[in-house]
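In the working numbering, the protein residues as written are 199 to 493. Using N, Cα and C, we set each Cβ at its ideal position, and we do this for glycine too. All values derive from a computational prediction rather than experimental measurement. Quick notes on the structure that follows.
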Amino acid sequence: GVCSNGSGQTQRESDPRGGPRSEGRMQSGILGPFDLNLEAFAPSAALRFAFLMSWAGTIIMCTSGQYYNDALGLLPYGLPSEFAMVSVLQTLPGQLLVIPGYWITGSLSKSKGSLFLLRILIPITALLMLPGIVMAFAPFMWILPVVVIALNYTGLPQVPLFRMIAGVAPPGRMGEALSAAGITMQAAGLVSNLMIALTSSRVQNIPMKSPLWVFYPLAAVLQFCAVLPLLGNPRHGHWGAAAGVVEDQVMATIYAAVFGLRWLRKSQERSPHLQEASSSTEASADETNAAEARV
Numbered sequence: 199g200v201c202s203n204g205s206g207q208t209q210r211e212s213d214p215r216g217g218p219r220s221e222g223r224m225q226s227g228i229l230g231p232f233d234l235n236l237e238a239f240a241p242s243a244a245l246r247f248a249f250l251m252s253w254a255g256t257i258i259m260c261t262s263g264q265y266y267n268d269a270l271g272l273l274p275y276g277l278p279s280e281f282a283m284v285s286v287l288q289t290l291p292g293q294l295l296v297i298p299g300y301w302i303t304g305s306l307s308k309s310k311g312s313l314f315l316l317r318i319l320i321p322i323t324a325l326l327m328l329p330g331i332v333m334a335f336a337p338f339m340w341i342l343p344v345v346v347i348a349l350n351y352t353g354l355p356q357v358p359l360f361r362m363i364a365g366v367a368p369p370g371r372m373g374e375a376l377s378a379a380g381i382t383m384q385a386a387g388l389v390s391n392l393m394i395a396l397t398s399s400r401v402q403n404i405p406m407k408s409p410l411w412v413f414y415p416l417a418a419v420l421q422f423c424a425v426l427p428l429l430g431n432p433r434h435g436h437w438g439a440a441a442g443v444v445e446d447q448v449m450a451t452i453y454a455a456v457f458g459l460r461w462l463r464k465s466q467e468r469s470p471h472l473q474e475a476s477s478s479t480e481a482s483a484d485e486t487n488a489a490e491a492r493v
């Protein structure tokens, strides 16, 4: 059968006894992440946001190593020790100093709401991508850690994003919602890699110093555009309790209660069949024990 979860969405009931519904349940489990974003406004908007944010971040990740070495004048005759120093400076400072940022972001996401925090973080993180341009015009080794730390902080929106995706997922489909977000972000990474592979050689032929810096404002624009899917207000389903909006928290509680009551009623309707099967199993066990005793 098909039942509603209270938000206008439908969900096929699972049959614990197997039977003809097993194939449909398996197909839903495999294809669930692909059709989940078509069921409601909020999940699809969150996935569009995830795509744009991952697209911007992958552009930076694909070009940063070569860009730093080129800006510092290490290509093609840099010393191994200089390349090693660049490798250390573009990883360790950002990885260490971004830890407090993730902790603060998680706390704010819980206290202020994921949707509110995302709408604030996106413009800020878009601006944090622009310091990468400085390396092309001020190629000093001490500037590299500053740029790297700023770029590491551009990944902070992932914390409220996944919290909100888990909150807007239909009941019983949280895993599918999170996997859909992962698939979307990997698809964005593939698009970014293809774009860099097709355009980087042409960009490097531009007659200017370290021309790969042009990818940084491009990534900042994409990051800023990621806020657009989050500006709407869905009529059905809302943004979920994790968004931080009082109305959405109330509606999410109501929908969960309604769905739980309906599932309880369906379970009670099936209980006589389950009790009958249990009685048959116990009777078969008693007959087997009696036969062994006679032997």
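Closer than 7 angstroms by C-beta to residue i: which residues in its own chain qualify, once you throw out the five before and the five after it? Chain order, please.
i: Gly252; result: First, the residue type needs correcting, since residue 252 is Ser and not Gly in the sequence shown. Result list for Ser252: Met383, Ala386, Gly387, in chain order.
i: Gly292; result: Val346, Ile347, Leu349, Asn350
Grouping DSSP H, G and I as helix and E and B as strand, with all else coil, what is residue i?
i: Pro415; result: helix
i: Met327; result: coil
i: Gln288; result: coil
i: Ile302; result: helix
i: Ile404; result: coil
i: Arg317; result: helix
i: Tyr266; result: helix
i: Trp253; result: helix
i: Ala379; result: helix
i: Phe338; result: coil
i: Ser226; result: The predicted model places Ser226 with a pLDDT of 48, which falls under 50 and marks its position as unreliable; any figure quoted below should be read in that light. Reduced to three states, the DSSP call for Ser226 is helix.
i: Leu426; result: helix
i: Leu245; result: helix
Leaving out five residues on either side along the sequence, give the residues of the same chain with a beta carbon under 8 angstroms from the beta carbon of residue i.
i: Met372; result: Ala364
i: Pro337; result: Ala269, Leu270, Gly271, Ser408
i: Leu325; result: Ala418
i: Asn391; result: Thr256, Cys260
To the nearest angstrom, how far is the alpha carbon of residue i from that of residue j?
i: Pro278; j: Val286; result: 12 angstroms
i: Ser262; j: Leu426; result: 27 angstroms
i: Ala367; j: Leu250; result: 20 angstroms
i: Trp461; j: Arg246; result: 31 angstroms
i: Leu416; j: Leu410; result: 11 angstroms
i: Tyr275; j: Asn267; result: 10 angstroms
i: Ala379; j: Arg361; result: 11 angstroms
i: Ser398; j: Ile341; result: 24 angstroms
i: Glu306; j: Leu313; result: It is Leu, not Glu, that sits at residue 306 in the sequence shown. Their Cα atoms are separated by approximately 11 angstroms.
i: Gly370; j: Gly458; result: 11 angstroms
i: Gly217; j: Glu374; result: For Gly217, the predicted model reports a pLDDT of 39, less than 50, meaning its position is unreliable and no value from the coordinates is stated.
i: Ala455; j: Ser309; result: 24 angstroms
i: Gly304; j: Asn403; result: 43 angstroms
i: Val412; j: Gly430; result: 31 angstroms
i: Tyr414; j: Ala254; result: 9 angstroms
i: Ser465; j: Pro358; result: 35 angstroms
Can you tell which of the options has its C-alpha closest to the C-alpha of residue i?
i: Pro329; options: Pro343, Gly353, Ile318, Arg317; result: Pro343
i: Ala244; options: Ile381, Met333, Ile341; result: Ile381
i: Met333; options: Gln288, Thr323, Ala282; result: Gln288
i: Met339; options: Val284, Val401, Glu467, Ala248; result: Val284
Open item on the list: Would the region 317-329 count as touching the region 415-426 if we require 3 or more Cβ pairs under 8 angstroms?
Closed with: yes
Task: the region 297-317 contacting the region 345-359, beta-carbon criterion three pairs below 8 angstroms - done: yes
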